[in-house]
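Asker: First the structure, which I've put down as structure tokens, then a few questions once you've had a look.
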Amino acid sequence: MAAGPLLNSKWVEGYARLGFDVLTYATVRSRMQPAHSLPNIRYVENRGQVAIAARRLPVDGATLAFSLGLPSMEPEAWRKDVRRAKERLGPGQILAVSVVGTPEPEAGREAGMEALIDDYARCSVWAAEAGADAIEVHLAVPNLLGEPGQMVYEHLPLAAQILYRIRTSVSVPVLAKLGLFRSPRALHETATKLAPWTHGFVLVHGIPRRVLDESGNAAFDGSGREWAYVVGAATYPVCSRQIEEMLAWRKAGVWNHAVLAVGGVSTVERAQHLLQEGADAVLVATAAFSDPLFAMRFRQAAATSAVA
Ligand SMILES: Cc1cc2nc3c(=O)[nH]c(=O)nc-3n(C[C@H](O)[C@H](O)[C@H](O)COP(=O)(O)O)c2cc1C
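Heads up, this note's numbering is the position in the sequence shown plus 111, with the first residue counted as 1.
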């Protein structure tokens with residue numbers, strides 16, 4: 112399960128029982144943050160450069176836009192709850208905890224970056240102390256201290272510093288969550304520069320799009336919410352291309368880390384394809400909402416093909 116749907120230990124336990132083995136606890140922060148106002152998740156049709164809110168489930172599988180604001184419980188609450196989640200896993204199941212730093216743009220650029228790095232590390236240490244088997248470092252978030260529109264993973268010195276600080280502060284594996292790349296060259300450069308400080312990459316977080324309703328108005332109310340992440344079935348062609356690019360780059364022998372594939376995996380066949388291509392694990396978010404038995408059907412298909 113990718114970060115997001117598993118909001119607390121009850122969700123982790125439920126999906127663990129449904130046969131999902133790599134479970135990512137939804138992103139946590141060093142301070143409480145409420146979610147954006149409702150609606151903050153909508154079905155959409157992905158139409159080129161924009162996504163249009165749909166009244167009903169699109170026929171080609173669930174595709175969503177979300178604008179949640181990365182909410183987090185109070186640290187005292189999630190630190191206890193991560194411990195509970197860990198206790199509820201079965202043998203061989205893995206709990207990753209997704210962490211994000213909370214920027215303080217008013218601190219100024221240099222001090223703000225240092226504070227952000229510290230904040231990512233603080234959350235990671237707390238998550239590891241609570242029993243996380245791995246830390247997923249959410250870098251596919253806007254870099255409020257950088258150029259407009261830039262994401263943290265696109266500011267390589269900052270992303271490398273965050274990973275370095277976490278890697279030297281916790282003893283569990285560190286995974287970098289990345290978003291969409293503007294070019295294969297940007298993907299190669301990022302993977303090469305970040306590889307020394309991470310044990311693996313999780314990609315693709317989602318596709319940023321303007322999300323409109325059928326009348327052309329913003330589908331999510333409130334300033335700064337015109338753009339949201341589109342995820343789910345319709346994003347597979349773009350996401351799988353980037354995942355395959357990353358796997359090809361690993362094959363080239365520059366580094367040898369885990370690649371956890373995410374983005375638009377809405378069928379067992381898609382999951383099988385990415386594993387055959389070399390992904391170490393395949394994660395789902397949207398499909399697990401609409402199809403909670405996904406992992407069971409995946410296992411059944413694997414068992415059937417083993418017998419055949
Ligand atoms: C409702 C929802 C909430 C999400 N929340 C988070 C989150 O807290 N942290 C994060 O890194 N990704 C979050 N994601 C993104 C997923 O982890 C994943 O990268 C994305 O949905 C692509 O996978 P999919 O096509 O299988 O949905 C969320 C996705 C959804 C649908």
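All C-beta atoms in this analysis are idealised placements derived from N, C-alpha and C, irrespective of residue type, glycine included. On a predicted model such as this, the values are computed, not experimentally measured, just so you know.
State the DSSP-derived secondary structure class of Gln261, mapped to helix, strand or coil.
Answerer: Look at Gln261 here: in three-state DSSP terms it is coil, with no helix or strand label.
Asker: Return yes when the C-beta of Gly212 is under 6 angstroms from any heavy atom of ligand 1, and no when it is not.
Answerer: no
Asker: Which value, in whole angstroms, describes the spacing of the CA atoms of Ala287 and Asp324?
Answerer: 33 angstroms
Asker: If we call anything under 7 angstroms between Cβ atoms a contact, is Ala330 one with Arg195?
Answerer: no
Asker: Please state whether DSSP places Arg321 in a helix, a strand or coil.
Answerer: strand
Asker: At a cut-off of 6 angstroms, would you count Leu149 as near ligand 1, judging by its Cβ distance to the nearest heavy atom?
Answerer: no
Asker: Considering only residues of the region 252-298, which uninterrupted alpha helix (DSSP H) runs meet the minimum length of 4 residues and lie entirely inside it, listed in chain order?
Answerer: Within the region 252-298, the complete alpha helix (DSSP H) runs of at least 4 residues are 267-278.
Asker: If contacts are defined as beta-carbon pairs under 8 angstroms, then Ala245 and Ala207 qualify, I think. What distance do you get, rounded to the angstrom?
Answerer: Sure, about 4 angstroms apart at Cβ, within 8 angstroms.
Asker: Any heavy atom of ligand 1 closer than 6 angstroms to the beta-carbon of Phe292?
Answerer: Flag unset: Cβ of Phe292 not near ligand 1.
Asker: With a Cβ-Cβ cutoff of 7 angstroms, do Ala127 and Leu134 count as a contact?
Answerer: yes
Asker: Would you mind working out which of Ala344, Leu200, Ser148 and Trp237 sits nearest Thr138, comparing C-alpha positions?
Answerer: Trp237
Asker: Ala399 to Phe405, Cα distance in whole Å?
Answerer: 7 angstroms
Asker: Only counting the same chain, and skipping five residues up and downstream in sequence, which positions put a Cβ closer than 8 angstroms to that of Lys89?
Answerer: Given that the chain is displayed from residue 112 to residue 419, the structure contains no residue 89 and the question cannot be resolved.
Asker: Please give the ranges of any beta strand (DSSP E) in the region 383-416, keeping only runs that are unbroken, at least 3 residues long and fully inside the region.
Answerer: Here the runs fully enclosed are 392-394.
Asker: Could you pull out every residue in the same chain whose Cβ sits closer than 7 angstroms to the Cβ of Glu355, ignoring the five residues on either side in sequence?
Answerer: Cβ within range, chain order: Glu388.
Asker: What residue range is occupied by the uninterrupted beta strand (DSSP E) comprising Ser209?
Answerer: DSSP places Ser209 in the uninterrupted beta strand (DSSP E) bounded by Ile205 to Val210.
Asker: Between Gly159 and ligand 1, is there a pair consisting of the residue's CB and a ligand heavy atom that are separated by less than 6 angstroms?
Answerer: No, the Cβ of Gly159 stays beyond 6 angstroms of every heavy atom of ligand 1.
Asker: Measure the Cβ-Cβ separation of His368 and His310 and say whether it is below 7 angstroms.
Answerer: yes
Asker: Measuring CA to CA, which of Asn157, Val193 and Ala241 is closest to Asn119?
Answerer: Val193
Asker: Inspect the CB distances between the region 263-276 and the region 219-237 and report whether three or more fall short of 8 angstroms.
Answerer: As far as the Cβ criterion goes, the region 263-276 touches the region 219-237, which means the pair count is three or higher.
Asker: At a cut-off of 6 angstroms, is Phe177 close to ligand 1 when judged by its beta-carbon and the heavy atoms of the ligand?
Answerer: At least one heavy atom of ligand 1 is nearer than 6 angstroms to the Cβ of Phe177, so yes.
Asker: I'd like the list of long-range same chain contacts for Ala146, defined as Cβ closer than 8 angstroms, with 5 residues on each side in sequence excluded.
Answerer: Excluding residues within five positions, the ones whose Cβ falls inside 8 angstroms are Leu179, Gly180 and Pro182.
Asker: Look up Gln144 in the DSSP assignment and give the residues it is bridged to.
Answerer: Ser183
Asker: By a C-beta neighbour count over all protein chains shown, 10 Å radius and 16 as the cutoff for buried, is Glu265 buried or exposed?
Answerer: buried
Asker: What whole-angstrom Cβ distance do His357 and Phe312 have, given they're in contact under 8 angstroms?
Answerer: Note that residue 357 is Met in the sequence shown here, rather than His. Confirmed, Cβ separation roughly 6 angstroms.
Asker: Beta carbon of Ile152: closer than 6 angstroms to some heavy atom of ligand 1?
Answerer: Because some heavy atom of ligand 1 lies under 6 angstroms away, the Cβ of Ile152 counts as near it: yes.
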